[in-house]
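Engineer: This is the structure, below, for whatever I ask next.
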Ligand SMILES: Cc1ncc(COP(=O)(O)O)c(C=O)c1O
């Protein structure tokens, strides 16, 4: 479809093209010096001691769960208001995801109190997700984890460049996982990154990323190793050099692009408050410095979301839903992962949520167009006038 305002867009230019062509001409295509540079630059940016680039964000989550020892008989506490990969990654290990509710209809991240209510003797880890780039209550979550001796994984797919108390999201827990899928704040097409300060965990992750092998083709090419042993049941979750090259260029643009997202979000808030006051815009509280990954709004309770989204479509505006809750998916219901405790707030937020377009190349006039479209559509539905 030819949207007047698409949901998201990438910011690629001649620098990205040149970076990929440079790799192709170098004739070394997977996990070499470009990946090492990308990892070092991402580590310097986030402040993490170790960063390991991987094939995608889901692979990062899977490896994080494995490296922290999750397996059959274990439970990992997760939000349900997230992309399905967060919970799937737990299931790949044989562990059981246990869903905890969100904080409130204003702060849509996993609730520390709900986490605590889900803990049993089987709980091994807490896997949190910084929805839309807004921080979970990490001090409270780390305190719970310490008290119960649990590991903490951060799904920071939405939170590339978000900070809380001056510390980057993705570096608060034992392991942070980032995604560079095309709708993220920086992209490599497919791609992801692991971050940890723990030397032993970093080594375990490094080995699991490439078949459990003790050395890589790159090491052998460099003359650093002539053979290898296989010491773990690993995977091929490697990234290639073309993607790492894209990542290096995108990382350089990230801070200014996140600033632009902040400006657009502020403009949205002002315009929607005036033109569509019936919409609830979550994340009012001041908590850290978000990276403004997406622009979620909640429709008035009982409003027909399908009608709203169709109305926006007629105005040329693409919208989306973040997210249908994981515990309500057929495969999760069928396999019995229905959530142990009530997920009342998750279900209400998920029913009312609509995501409006947000991307750094978006123009101020496009934000105004979307806000006016929302006003028109709500008016036609009998709301905001
Ligand atoms: C919250 C969240 N977790 C995990 C993922 C999985 O990342 P990927 O698509 O890179 O595997 C995504 C995005 O796609 C996501 O939005």
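Residue numbers (the working numbering): 2 to 386. Backbone N, C-alpha and C fix where the C-beta goes; we use that ideal spot for every residue, glycine too. Because the structure is a prediction, the values reported are computed rather than measured.
(1) What does DSSP give as the partner residues of residue 58 in its beta bridges?
(2) Please classify residue 332 as buried or exposed, where buried requires at least 16 other C-beta atoms within 10 Å of its C-beta.
(3) Residue 328: beta carbon under 7 Å from a heavy atom of ligand 1?
(4) Report all residues from its chain with a CB closer than 7 Å to the CB of residue 74; omit the five preceding and five following residues, and keep chain order.
(5) Any idea what DSSP makes of residue 356, helix, strand or coil?
(6) Ligand 1 heavy atoms versus the CB of residue 156: any closer than 7 Å?
(7) With DSSP run on the structure shown, which of helix, strand or coil describes residue 36?
(8) In terms of DSSP beta bridges, what is residue 177 paired with?
(9) So, are the CB atoms of residue 240 and residue 32 less than 8 Å apart?
(10) Run through the region 94 to 125 for me and flag every whole alpha helix (DSSP H) of 4 or more residues, listed as ranges in chain order.
(11) When we look at the beta-carbon of residue 338 and count the other beta-carbons within 10 Å, is it buried (16 or more) or exposed?
(12) Would the beta-carbon of residue 46 fall within 8 Å of that of residue 217?
(13) Does ligand 1 have even one heavy atom less than 7 Å from the beta-carbon of residue 86?
(14) Note down, one range per segment and in chain order, each beta strand (DSSP E) of at least 3 residues found wholly within the region 266 to 342.
(15) Locate the beta strand (DSSP E) running through residue 142, then write down its first and last residues.
(16) Between residue 94 and ligand 1, is there a pair consisting of the residue's CB and a ligand heavy atom that are separated by less than 7 Å?
(17) Helix, strand or coil, according to DSSP, for residue 244 in the structure here?
(18) Which whole-angstrom value describes the C-beta separation of residue 82 and residue 324, a residue pair presumed to lie in contact below a C-beta threshold of 8 Å?
(19) Excluding the 5 residues flanking residue 322 on each side, which residues of the same chain have their C-beta closer than 7 Å to its C-beta?
(20) When DSSP labels each residue in this structure, what does residue 168 get in the three-state scheme?
(21) Identify which residue in 30, 307, 316 has its Cα closest to the Cα of residue 372.
(22) Compute the Euclidean distance between the alpha carbons of residue 154 and residue 118, then round it to the nearest angstrom.
(23) Using only alpha-carbon positions, find the residue among 113, 129, 26 that is nearest to residue 66.
(24) Would a C-beta distance cut-off of 8 Å place residue 110 and residue 90 closer than the cut-off?
(25) So residue 349 and residue 326 are in contact, right, with Cβ under 8 Å, and what is the actual spacing, rounded?
(26) Roughly how many angstroms lie between the CA atoms of residue 197 and residue 28, to the nearest whole one?
(27) If I measure Cβ to Cβ from residue 194 and keep anything under 6 Å in the same chain, skipping five residues before and after, which residues do I get?
(28) Going by the beta-carbon positions, is the gap between residue 293 and residue 254 smaller than 8 Å?
(29) Once DSSP output is grouped into helix, strand and coil, what is the label at residue 186?
(30) Does DSSP classify residue 256 as helix, strand or coil?
Structural biologist: Working from what's here:
(1) Bridge partners of residue 58: none, in fact.
(2) exposed
(3) no
(4) 123
(5) strand
(6) yes
(7) helix
(8) 155, 196
(9) yes
(10) 113 to 119
(11) buried
(12) no
(13) yes
(14) 296 to 299
(15) That residue, residue 142, is in no beta strand (DSSP E); its alpha helix (DSSP H) goes 139 to 149.
(16) no
(17) helix
(18) 6 Å
(19) 354, 355, 356
(20) strand
(21) 316
(22) 18 Å
(23) 129
(24) no
(25) Not really, about 10 Å apart at Cβ, beyond 8 Å.
(26) 31 Å
(27) 43, 52, 54, 179
(28) no
(29) coil
(30) helix
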